[in-house]
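K.L.:
There are 2 protein chains.
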Amino acid sequence: MAEPKENLQMEKIVSLCKRRGFVFQSSEIYGGLNGFWDYGPLGAELKRNVKELWWHAMTRQRDDVAGLEATIIMSPKIWEASGHVATFSDPMVDCKTCKGRFRADQTDEIACPQKPSKCVNECHGEKTEARAFNLMFQTYVGPTATAADIAYLRPETAQAIFAQFKNVLETSRQKVPFGIAQVGKAFRNEVTPRNFTFRSREFEQMELEFFIKPDEVIEAIHGSVAQSAADLLSADATHKSTSADKMSAAHSEPQPNWGWQAWHQYWVAERVRFYEGIGLSRETLGFHHQTPAELAHYARACTDILFKFPFSKKDEHGNVKGDELEGIAARSDFDLSQHQRFSGKPMGVFDDELRAAWAKLSKEKSDDLWKRYYENRKNYLTKSARPDETPEQISKQATEDANGLAKGQYIPHVIEPSAGVDRLILALIANAYSEATKTDDKGKSETIYVMKFHPRVAPVKAGIFPLLKNKPELLKKAQEVRDLLRPWMNVYYDEAGSIGKRYARQDEAGTPFCVTIDFDTLGEKPELLDTVTIRYRDDGKQERVKISELLDFLLSKIR
Amino acid sequence: MAEPKENLQMEKIVSLCKRRGFVFQSSEIYGGLNGFWDYGPLGAELKRNVKELWWHAMTRQRDDVAGLEATIIMSPKIWEASGHVATFSDPMVDCKTCKGRFRADQTDEIACPQKPSKCVNECHGEKTEARAFNLMFQTYVGPTATAADIAYLRPETAQAIFAQFKNVLETSRQKVPFGIAQVGKAFRNEVTPRNFTFRSREFEQMELEFFIKPDEVIEAIHGSVAQSAADLLSADATHKSTSADKMSAAHSEPQPNWGWQAWHQYWVAERVRFYEGIGLSRETLGFHHQTPAELAHYARACTDILFKFPFSKKDEHGNVKGDELEGIAARSDFDLSQHQRFSGKPMGVFDDELRAAWAKLSKEKSDDLWKRYYENRKNYLTKSARPDETPEQISKQATEDANGLAKGQYIPHVIEPSAGVDRLILALIANAYSEATKTDDKGKSETIYVMKFHPRVAPVKAGIFPLLKNKPELLKKAQEVRDLLRPWMNVYYDEAGSIGKRYARQDEAGTPFCVTIDFDTLGEKPELLDTVTIRYRDDGKQERVKISELLDFLLSKIR
Chain A
-18 MAEPKENLQM EKIVSLCKRR GFVFQSSEIY GGLNGFWDYG PLGAELKRNV
32 KELWWHAMTR QRDDVAGLEA TIIMSPKIWE ASGHVATFSD PMVDCKTCKG
82 RFRADQTDEI ACPQKPSKCV NECHGEKTEA RAFNLMFQTY VGPTATAADI
132 AYLRPETAQA IFAQFKNVLE TSRQKVPFGI AQVGKAFRNE VTPRNFTFRS
182 REFEQMELEF FIKPDEVIEA IHGSVAQSAA DLLSADATHK STSADKMSAA
232 HSEPQPNWGW QAWHQYWVAE RVRFYEGIGL SRETLGFHHQ TPAELAHYAR
282 ACTDILFKFP FSKKDEHGNV KGDELEGIAA RSDFDLSQHQ RFSGKPMGVF
332 DDELRAAWAK LSKEKSDDLW KRYYENRKNY LTKSARPDET PEQISKQATE
382 DANGLAKGQY IPHVIEPSAG VDRLILALIA NAYSEATKTD DKGKSETIYV
432 MKFHPRVAPV KAGIFPLLKN KPELLKKAQE VRDLLRPWMN VYYDEAGSIG
482 KRYARQDEAG TPFCVTIDFD TLGEKPELLD TVTIRYRDDG KQERVKISEL
532 LDFLLSKIR
Chain B
-18 MAEPKENLQM EKIVSLCKRR GFVFQSSEIY GGLNGFWDYG PLGAELKRNV
32 KELWWHAMTR QRDDVAGLEA TIIMSPKIWE ASGHVATFSD PMVDCKTCKG
82 RFRADQTDEI ACPQKPSKCV NECHGEKTEA RAFNLMFQTY VGPTATAADI
132 AYLRPETAQA IFAQFKNVLE TSRQKVPFGI AQVGKAFRNE VTPRNFTFRS
182 REFEQMELEF FIKPDEVIEA IHGSVAQSAA DLLSADATHK STSADKMSAA
232 HSEPQPNWGW QAWHQYWVAE RVRFYEGIGL SRETLGFHHQ TPAELAHYAR
282 ACTDILFKFP FSKKDEHGNV KGDELEGIAA RSDFDLSQHQ RFSGKPMGVF
332 DDELRAAWAK LSKEKSDDLW KRYYENRKNY LTKSARPDET PEQISKQATE
382 DANGLAKGQY IPHVIEPSAG VDRLILALIA NAYSEATKTD DKGKSETIYV
432 MKFHPRVAPV KAGIFPLLKN KPELLKKAQE VRDLLRPWMN VYYDEAGSIG
482 KRYARQDEAG TPFCVTIDFD TLGEKPELLD TVTIRYRDDG KQERVKISEL
532 LDFLLSKIR
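Protein chains in written order, with the working numbering: chain A, -18 to 540; chain B, -18 to 540.
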C-alpha cells in the first residue's frame, strides 16, 4: 500500500479493513494488482446495503424515476458521441533515461517505476513531449481483432442512460421531468491509483440522470420560472451557502414551474439528506461549487459533495475541505444532443402542454423565448462543432431546433447526481472507525476498535448469542431467535467464547445490536420468560425486550 | 435478432421484452452490439429481485456461507493457474475465400459474416487449419501496453473466490465445511452469441464455492463416510434419478460425516428448491448428469439443472431436455491446488479434530487412508503436470501432501453450484409468458398478455389505483396507501385510464396484485370504510381487505 507513513489514521483503517474482511487487495496471493480491491464478507454486505438504500431512495420511493441496468461494454460510438474517445485522457511523458511513463503534471511526485526514487526525482532524465493517454480500458469484441472491433470498458455508467433514454421513455410511461437511475461498475485506467479504494481502476457508480424541461419551455407553459434559492447555492464557492436552512428550503415537493436551478438545488439537498440518513453528519461533509473556469463548456453548474477523509488536504486557511463523494451537475441538453448528432436518432420529446401554451403566447413573448432557446442551441452547436460544420449549418440547425418549440418539441436538459460507491464505503468506514482503551480487572490495557456504522448500513444488524455453549436449551432458544430475525436482516449467530469477547468481535464488525439469550429467557426468573437482553454497540447499555417484540424493535432501528 | 423464424414463441417473448422494457439491445441507437443486452426498468427490477433472493438464500439464511465481491479485472496469473489462458478457447478456422472467421464445429450452421449465406454454406471456400481462439476479453492495465500489462476480464466469478479463500477463511471465523458466495459480471468473447440473452458476451453469474473435507479426512474423523442417496443421483444420465423423493431425501440438515457425494446431492436439491421457490415448477426443469467423458479431468461429478426454453431442442426420443441454468460440480481439490502451485502460497487448512483423530487410528487404517489420499494427490498432480515436472517430483509432492494428514493438514475439496443470472431471467420470463383472447362487450377480440411471475420475483408487487382521477379524496387516499406499502415493496401508482386498462398494463408487467381505492374506501358504505379491493393477476378474482391489514397481507404473499 502506497499510503504516506505519516497518515497513521489511514494505515489503521486499511489494517482493520483487511483484518476484519472489509477490503482485500485484489489477487493478493499473486502480489496484488495496483488499483483493484476486493470486498470481503463484511465489506460485501456493507456495499450491498449502500447500493440497496440508494436504489430504494432513488427509484422505489419515488414515482418519477425508472431503473436501468446496461452493459459495461457498449458500442464504441457512444464514447465518440460523449467525447471520451477524443478527450478522456491524461497528459503523459516518457523518460528517455529510464523508459518509465509518468503523468506530465506529476513528474515531481511520482517515483520511477523502474528504479524507485531514481530517474524522475534524482537523475531528472530527459522527457518526451507530453502526449494524451486515454483512460478508457480497450478491448476487442468478436473473433477478429481489427480496428472495427475495438470496444471500451465504460468509464462511467451515465452514457448508457442517455443512449437508452428513448427506450425507457417509451416503455416506462414516464414524462419529463423524470429520471433514470443505474448502479454499476465502471473502469478508468488511472495512471496513479491512490488513497486506498478512493481512486481505483475498477469502481462502482450510482448515477441518476434526471431529465427536465428547458427553462424556455417552463416559461412558455407557466409564464415564469421558479428558481428557488438555487441562485445562492450555485453562485460560487466562496460564500457560505450550504447552511442547513438553505438545504431545507430546497427540500420541498418538486413543482411544475421549477427551472434547472431549482432542480439542481433540490437534488443537492436530496443527496445531502441521503448521506445524513446513513450516518454522515453535516460536519463530516463539505461542498465545492465548481467555478466557471472549472465547469465543462456545456455545464451550467456543478456542486460536489465532499467528505473529510483522513487523507484530505488542508486548504490555504488550514481547513479540511474534503474529497469528492458525489458531483451534482446541471449538464444542459449536451448529452442527448450529442447522441442525437452521432446516432441520427431523434432524442427530443413531444409535449402537448407546450404546444398548447405556445399557441397562446403573445408574439413578443414567443419571439423572446424562441431567441433564447435559439441562442442556447447555437452556443452548444458551436462549441461542439465538428471541423466540417460551417456557421451557416449551425445557425440553420439552431433555427430548426427553436422552431420545434411551437410544435411542442424540445430536447430535455439533465441534472446528474453521480456518486461513487467505493469512496462512499471508504467514507462510511472512516466515519465509523473509533478506538478506545479498555482496562481489565487485572489492570491490563488493550485498544479496542468500534465501527460505529449507522444501523441502516451496518453489515450485520444483530449478533445472536446463547449465554453458554454447553446448554442445549440455550442453543435451541438462540437458534429460534436467529431464525425469527434472519428473514428480515443479516444476523450473526455466535456461541464461542465469553460474552465480552463476542461483544468485542461485533463491535469491530460494526454490529449495532447484540441479543443474548440467557437462563432468564428460559424462565429462571418467571417474569423474564421469553425476554432477551439487547446490548447497544455505541454506549454498551443493555435492556430487556420480549422476543415477541424483538423483530419490530430491531426493524424500527435499522430501516 | 438472429432467432430462427419458426420460433414464434421466442419472437413474441423478445417483442414483449422490448415493448414493456424488460430487455433492450445494448447501444440500440447505434445499431446495437452483438451479444450485449441491457435491462430496462422492469427487467432491472426482476434481475435485482432474483440476485437478492439468491444472496439471501445462500448467505444470510445460512451460518455457513460468507459473501465476497471481487473485481472483474484480476491478476492474469489467476487465469494461468485456472487453465483459462491455456485452454479456454474455441477452435476457429479462417475462410481463405471470404476471409471470415468461424468456429470449426459450426461451419455448416453459421452464415458468412462478409457475405451472409455465401461462402461457408455455398462456396465452401478453403479453410485454414483450426486454431485455438481464446474466449477471454483482453486489455492492458497501466499506461504502457506491454505484454507484462495484459489483463483479462474474468470469464467466471469462481476464481476470485479461490484466490481469496485464505483471506475469507481467516477473517470470517468460518471452518470447513463452509462456502463463499459471489454475484457479479463475467465476460466471454463468444464467437456466436445466440438465443437472445441466453448466450451473451457480457453476463452475470451467481456462484457458490462450498469447501468440504476430503473423504479420507471424514473417514479418519468419523470412521466412515455418509454417502446419502448421492450415488444414485450422480451415477449416470440415463436412469430416472431425479424424482421428488430422492431430491427430498437429499434435503436434510448437513451432517459432519457427509462425504463429497452427499454434499453434491445436497446442493443439487437445495438449488432445485430455490428454482421451485421462484416459480419454476419441477416439470419445467430438466437434469443432465455429465458422463465421465464429459467431465473435466479433475471433476468427480457435475449435475446440470436445465430449463425447457422455447428454443430447447428435442432429443432422440422427441423429448425436450432443456438448456442449462446452473451446473453443480464436484471439483475435487483442483482449484485450491492449482492456486497453491502457481502462487506458492499454502492453500491448505489445519484441522485439530483431524490431527487428534489420526493419532488414534490403527496403523492399518491410517495406511489405507494415507494411500488413498496419496493416490488422489498423485493423480491430480500427474494430470495437471507442467512439462518440466518429473514423476519423481510428483511422487515426492504427493507424499508430502499425504504426510500432512497426520499433522491435521489437507487441501479442501469443493462443490460448486454455478448459476447464470441472465438465463434464469430469460427462463422466468418464458415461464411467466401467457396469452389469452379477450372479447369486449361489442364482440371485439384482442390478445392480452399476462406475465405470471411468482410474486417473489415480480418486478412490481402491487399496482395502486385510485378509482377516478378527478376526485382529490381518492387520489389522496391512494397516495397514502402507496406510501404505506412503498418502504416494503416496489409498487406502481397509476391514476390514468379505466381500471380495466390499468389492470391490463400491470398484467403485462407481471404485477401479481392490484389495489383499488374507491368510494367505499372513503366510507360511502360505512362498513367498508378504509378497505380496498385487491385484484389477483392470475385469476382476476377480487377481495376486500382492510388497509390496516394490507401490508401484512401483501408481505405474506411476496416473501
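Glycine included, each C-beta is placed from N, C-alpha and C at the ideal position.
For the segment 289 to 365 of chain A, which segments carrying the alpha helix (DSSP H) assignment without a break, of at least 4 residues, lie completely within its bounds, in sequence order?
P.N.:
315 to 324, 333 to 340 and 344 to 364
K.L.:
Under 9 Å between beta-carbons, which chain A residues line up against B:M55? List them in chain order, please.
P.N.:
S7, S8, Y11, L14, F17 and D19
K.L.:
Kindly list, in the order they appear in chain A, the residues whose Cβ is closer than 7 Å to that of B:Q145.
P.N.:
F5 and D19
K.L.:
Taking the alpha-carbon of A:N170 as reference, which of A:N148, A:E137, A:F143 and A:A311 has the nearest alpha-carbon?
P.N.:
Here the closest residue by C-alpha is A:E137.
K.L.:
Does DSSP put A:T380 in a helix, in a strand, or in coil?
P.N.:
helix
K.L.:
Under a three-way DSSP split, which group does A:L266 fall into?
P.N.:
strand
K.L.:
According to DSSP, A:D285 sits in a beta bridge with which residue or residues?
P.N.:
In the DSSP output, where bridge partners are listed per residue, A:D285 has A:H269 and A:G308.
K.L.:
Identify whether A:P372 lies in helix, strand or coil by the three-state DSSP scheme.
P.N.:
helix
K.L.:
Based on DSSP bridge pairs, tell me the residues matched to B:C76.
P.N.:
B:K108
K.L.:
If I follow the unbroken beta strand (DSSP E) through B:K423, where does it start and stop?
P.N.:
Run containing B:K423: none; DSSP gives neither H nor E here.
K.L.:
With DSSP as the reference, identify every bridge partner of A:Y20, one or two as the case may be.
P.N.:
A:V4 and B:E50
K.L.:
Classify B:I131: buried if its beta carbon has 16 or more other beta carbons within 10 angstroms, exposed otherwise.
P.N.:
exposed
K.L.:
Verify the CB distance criterion: does A:M73 have a CB-CB separation below 7 Å to chain B?
P.N.:
yes
K.L.:
Going by DSSP in three states, A:M432 sits in which element: helix, strand or coil?
P.N.:
strand
K.L.:
Buried or exposed for A:S153, going by 16 or more other Cβ atoms inside 10 Å?
P.N.:
buried
K.L.:
Along chain A, which residues have their Cβ under 8 Å away from the Cβ of B:Q42?
P.N.:
R467 and P468
K.L.:
Can we count B:D501 as close to the ligand SAH, meaning its CB is less than 6 Å from some heavy atom?
P.N.:
The ligand SAH is not among the ligands present in this structure, which contains no ligands whatsoever.
K.L.:
Compute the Euclidean distance between the alpha carbons of A:K450 and B:E234, then round it to the nearest angstrom.
P.N.:
20 Å
K.L.:
Can you tell me whether B:E397 is helix, strand or coil according to DSSP?
P.N.:
strand
K.L.:
Where do the ends of the alpha helix (DSSP H) carrying A:R486 lie?
P.N.:
I480 to A490
K.L.:
Using CA coordinates, which residue listed in B:Q271, B:D403, B:S343 and B:F114 is at the minimum distance from B:E185?
P.N.:
Taking each of B:Q271, B:D403, B:S343 and B:F114 in turn and checking the Cα distance to B:E185, the smallest one comes out for B:D403.
K.L.:
Taking Cβ-Cβ distances shorter than 9 Å, what residues in chain B pair up with A:T52?
P.N.:
S7, S8, L14, F17, W18, D19, K166, S181, R182 and E183
K.L.:
Note down the Cα distance separating B:R467 from B:T272, rounded to an integer number of angstroms.
P.N.:
Separation of B:R467 and B:T272 (C-alpha to C-alpha, rounded to the nearest whole angstrom) is 49 Å.
K.L.:
For a quick check, are the C-beta atoms of A:S313 and A:R281 less than 7 Å apart?
P.N.:
Yes, these two residues count as a Cβ contact at 7 Å.
K.L.:
For the segment 114 to 131 of chain A, which residues have a CB atom closer than 8 Å to at least one CB atom of chain B, in sequence order?
P.N.:
F114, F118, Q119, T120, Y121, V122, G123, P124 and T125
K.L.:
Using 8 Å for Cβ pairs, my map puts A:V157 next to A:P327. What's the rounded Cβ distance?
P.N.:
Not a contact, Cβ separation roughly 15 Å.
K.L.:
Are the C-beta atoms of A:L49 and some chain B residue less than 7 Å apart?
P.N.:
Flagged as an interface residue toward chain B: A:L49, by a C-beta distance shorter than 7 Å.
K.L.:
Within 7 Å of any Cβ in chain A, is that where the Cβ of B:N471 sits?
P.N.:
yes
K.L.:
Can you find a C-beta in chain A that's less than 7 Å from the C-beta of B:R437?
P.N.:
no
K.L.:
Under a Cβ-count criterion, where at least 16 other Cβ atoms within 10 Å of its own Cβ denotes burial, should B:E(-13) be classed as buried or exposed?
P.N.:
Its pLDDT being 48, under 50, B:E(-13) is placed unreliably by the model, and the measurement read from it follows with that caveat. Exposed, because fewer than 16 other Cβ atoms sit within 10 Å of the Cβ of B:E(-13).
K.L.:
Do B:F168 and B:F114 have their beta-carbon atoms positioned less than 7 Å apart in this structure?
P.N.:
no
K.L.:
Using a Cβ-Cβ distance cut-off of 7 Å, determine whether B:A25 contacts chain A.
P.N.:
yes
K.L.:
When the Cα atoms are used, what is the spatial distance from A:A67 to A:I59?
P.N.:
Linking A:A67 to A:I59 through their CA atoms gives a straight-line distance of about 12 Å.
K.L.:
State the CB to CB distance for the pair A:T492 and A:A443, rounded to an integer number of angstroms; the pair is presumed to be in contact (CB under 8 Å).
P.N.:
7 Å
K.L.:
If we cut at 7 Å on Cβ distances, does B:R254 have a partner in chain A?
P.N.:
no
K.L.:
For chain B, is any of its Cβ atoms less than 7 Å away from the one on A:S318?
P.N.:
no
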